[in-house]
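Here's the structure we're looking at; comments come further down.
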Amino acid sequence: MGVPSVEDVVADLLSLATYDSFPDPAATTAFAGDVFEAYEAELLWGHCLAALSPCPPPEHDLTDVRDLHARKFDLSKPPRSYTEAMARPDRDVWDAAMKREAKSLEAMKAFRACSLPDGKKLIDVKWVFDFKYDEDGKRIPGMEKARLVARSFTQRPDDFGETYAPVAKIASIRIILAWAARRDAHIFQFDVSTAFLHARNRHPVYCRQIPGHPIGQPGQVLEVLVALYGLRQSAYEWYCLLMSIFISIGLIRCEADHGIFYAYWSSPPDPAVSMPLDGSPLFLIVPVHVDDGLGVTNSEPLYHWFIAHLQTRIRIKDLGVCSRFLSVSIIRDRPSRRLWFSSHLYIADLLDDWGMTACKPSSTPLPANSYDASSRVGVRVVPAQPHALPGQHSAAIKHDFQRLVGCLLYLAVTSRPDIAFAAMWLGQFSSDPTRDHLAMAKHSLRYLAGTRNLALTFGAPSSSVPDSLRGFLQNVGCSDADWASNDDRKSISGFCFYFEGSLVSWSAVKQKSIALSSTEAEYYAMSHAFSRSYLAATSLVHPELPRAKTIPHPVG
1 MGVPSVEDVV ADLLSLATYD SFPDPAATTA FAGDVFEAYE AELLWGHCLA ALSPCPPPEH
61 DLTDVRDLHA RKFDLSKPPR SYTEAMARPD RDVWDAAMKR EAKSLEAMKA FRACSLPDGK
121 KLIDVKWVFD FKYDEDGKRI PGMEKARLVA RSFTQRPDDF GETYAPVAKI ASIRIILAWA
181 ARRDAHIFQF DVSTAFLHAR NRHPVYCRQI PGHPIGQPGQ VLEVLVALYG LRQSAYEWYC
241 LLMSIFISIG LIRCEADHGI FYAYWSSPPD PAVSMPLDGS PLFLIVPVHV DDGLGVTNSE
301 PLYHWFIAHL QTRIRIKDLG VCSRFLSVSI IRDRPSRRLW FSSHLYIADL LDDWGMTACK
361 PSSTPLPANS YDASSRVGVR VVPAQPHALP GQHSAAIKHD FQRLVGCLLY LAVTSRPDIA
421 FAAMWLGQFS SDPTRDHLAM AKHSLRYLAG TRNLALTFGA PSSSVPDSLR GFLQNVGCSD
481 ADWASNDDRK SISGFCFYFE GSLVSWSAVK QKSIALSSTE AEYYAMSHAF SRSYLAATSL
541 VHPELPRAKT IPHPVG
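Numbered according to the UniProt record's numbering, the sequence shown spans residues 1 to 556.
Here it is in structure tokens:
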């Protein structure tokens, strides 16, 4: 009997696949049945391997297209792919969004149709869809977004150079807001439309045709001429362009935080800008987070002059007086020179997302049984990985836990120092959480439900601060350590910094080394605090800018 063809082998494999278990070729020298009776397993698998070949990269992003038109889509969520967008009942909405983006790409001269040069590799592109929301988190009809992005994992190292692009640190932003509130400075906000596309791509990159919107002749590819979203170097190219524009206007980059630019003028830079009546110099401080920026100044005409200069170089939108930045609300009472930095809207959206809007609030960030209150603080009685019960560990629990803890960490870093320790402690279990850990994370969310209206107060001292502490908390930093509190005996470092009476920086982290004494743990904590104090001490250092007489410094 001759050697069977590959087609015969595959047909018999498919017939065997109907059984509960598939024969292991390594465990036997022959399979049951006439076709396989005389053939060794190696010969069989040789035929199978010969039938396989590398699959070419897809021209478009591939969603499961089986019976897409008959599928019931959740229209409250954006499409996950171009294929799905074209199969949905609201396809016209997303088609219009893609046309707007394609028109924008054409206006920015983002691509050039050409033949692929020898030795160059094609990268893939795909459409990413989302809804646009207003400041209250409500969807804006007719403003759906479609963005063409590169799939950067298909890039090779010779396709890009530098990739790191700094953004303004959140602690720096808090320092600037506290500084501005105390001096009743104007706080404006601006946004750059299709920011990355303004920067030119300095490394030759070639991509496949745009799904649904081909350019050029059939068989041609596209040379990417701009810093397309998704490319590894795009953020760096955009930052370099923005920095060059700021420097040409006269701004200086802050050496302590490269995401902050500032300038002062002892004389008006433009006839339309007048000097302050008190004789102080004009100043402008601009913290930037990718394509979002703030303008802090003592002259409204100066800010408009600054925006007008930017509009000659990039597509920028002046959003006026800042009310929300990086999902944090900014509420001001200018007569009393106070500013509130609040995440109440973000917390409300988070509670709604988890179906906990009407939950019973908890009084503490972590449940009482997480730590043994009768013993010294910090000794955990809940083991790092409890003995799992059936259903305790699952991919769904891991996904939900990581998603919730990520939101808690964001709140802890931006505006809620009261949950800094809880978020850090919960984050230790992200690799293998159980149902108990998820319940603890939801306990933290219930705590936020009851305290959602709490906010950081910048400017004039809060009425909740005792008179005896108001002078002490002007410019000071405090550090502490919780020695050997974990099962692994690694201590917890914590610090907080006050700038002109406002809490602007804090941290709660586990130390990387095991301290052999409480004194050693305290030194580790102070070292961590000192490294952060440099930012607070040098964020606003220009001698012409009004500033505090002393700078924050840590004390043990």
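Backbone N, C-alpha and C fix where the C-beta goes; we use that ideal spot for every residue, glycine too.
{"query": "Less than 8 Å between the CB atoms is what I'm expecting for residue 430 and residue 405, so what's the real figure, rounded?", "result": "6 Å"}
{"query": "Which of the three DSSP states, helix, strand or coil, is assigned to residue 126?", "result": "strand"}
{"query": "Report the partner residues of residue 264 according to the DSSP bridge assignment.", "result": "283"}
{"query": "What are the start and end residues of the alpha helix (DSSP H) that includes residue 300?", "result": "300-311"}
{"query": "Under a three-way DSSP split, which group does residue 320 fall into?", "result": "strand"}
{"query": "Please say whether residue 290 and residue 575 have beta carbons closer to each other than 8 Å?", "result": "The requested residue 575 is not part of the displayed model; the chain covers only 1 to 556."}
{"query": "What number of angstroms, rounded off, separates the C-alpha of residue 400 from the C-alpha of residue 435?", "result": "10 Å"}
{"query": "Helix, strand or coil for residue 172, going by three-state DSSP, please let me know.", "result": "helix"}
{"query": "Would residue 513 be called buried (16 or more neighbouring beta carbons within 10 Å of its own) or exposed?", "result": "exposed"}
{"query": "So, using beta-carbon positions, are residue 427 and residue 409 closer together than 8 Å?", "result": "yes"}
{"query": "Would you say residue 215 faces chain B, with C-beta separation under 8 Å as the test?", "result": "Any reference to chain B falls outside this structure, which holds one protein chain only."}
{"query": "Taking 8 Å as the cut-off, decide whether the C-beta atoms of residue 225 and residue 109 are in contact.", "result": "yes"}
{"query": "Using 8 Å as the Cβ pair cut-off and three pairs as the minimum, do the segment 281-290 and the segment 347-355 touch?", "result": "no"}
{"query": "Decide if residue 519 is buried, meaning its Cβ has at least 16 other Cβ atoms within 10 Å, or exposed.", "result": "exposed"}
{"query": "Alpha helix (DSSP H) containing residue 427: first to last residue?", "result": "420-427"}
{"query": "Nearest by alpha-carbon distance to residue 308: which of 497, 217, 94, 270 is it?", "result": "270"}
{"query": "Return the chain-ordered list of same chain residues with a C-beta closer than 7 Å to the C-beta of residue 267, the five sequence neighbours on each side being excluded.", "result": "none"}
{"query": "Secondary structure at residue 187, three-state DSSP: helix, strand or coil?", "result": "strand"}
{"query": "Looking only at its chain, what residues have a beta carbon closer than 6 Å to the beta carbon of residue 502, apart from the 5 residues adjacent to it on each side?", "result": "178, 458"}
{"query": "Decide if residue 279 is buried, meaning its Cβ has at least 16 other Cβ atoms within 10 Å, or exposed.", "result": "exposed"}
{"query": "Considering only the beta carbon of each residue, do residue 150 and residue 97 sit closer than 8 Å?", "result": "no"}
{"query": "Can you tell which of 327, 186, 365 has its C-alpha closest to the C-alpha of residue 345?", "result": "327"}
{"query": "Could you spell out the range, first to last residue, of the alpha helix (DSSP H) harbouring residue 245?", "result": "234-249"}
{"query": "Relative to the alpha-carbon of residue 113, which residue among 83, 460, 249, 217 has its alpha-carbon at the smallest distance?", "result": "217"}
{"query": "Looking at the structure shown, is residue 179 part of a helix, part of a strand, or coil, going by DSSP?", "result": "helix"}
{"query": "Three-state secondary structure (DSSP) at residue 474?", "result": "coil"}
{"query": "Measuring alpha carbon to alpha carbon, tell me which residue in 300, 302, 324, 127 is nearest residue 144.", "result": "127"}
{"query": "Rounded to whole angstroms, what is the Cα-Cα separation between residue 192 and residue 481?", "result": "43 Å"}
{"query": "Between 214, 188, 496, 187, which has its C-alpha nearest residue 417's C-alpha?", "result": "496"}
{"query": "Secondary structure at residue 350, three-state DSSP: helix, strand or coil?", "result": "helix"}
{"query": "Mapping the DSSP letters down to three states, classify residue 67 as helix, strand or coil.", "result": "Because the pLDDT of residue 67 is 46, which lies under 50, any placement of that residue in the model is unreliable, and the number read from its coordinates should be weighed accordingly. Residue state, collapsed to three classes: coil."}
{"query": "Look at the Cβ atom of residue 476, then the Cβ atom of residue 498, and state whether they are nearer than 8 Å.", "result": "yes"}
{"query": "Taking 7 Å as the line, does the beta carbon of residue 264 fall inside it for any heavy atom of the ligand ATP?", "result": "As far as ligands go, the structure on display features none, and thus does not contain the ligand ATP."}
{"query": "By a C-beta neighbour count over all protein chains shown, 10 Å radius and 16 as the cutoff for buried, is residue 75 buried or exposed?", "result": "exposed"}
{"query": "Going by DSSP, what residue range makes up the alpha helix (DSSP H) through residue 397?", "result": "395-414"}
{"query": "Between residue 139 and the rest of its own chain, which residues show a CB-CB distance below 8 Å, the 5 nearest in sequence each way excluded?", "result": "131, 132, 133"}
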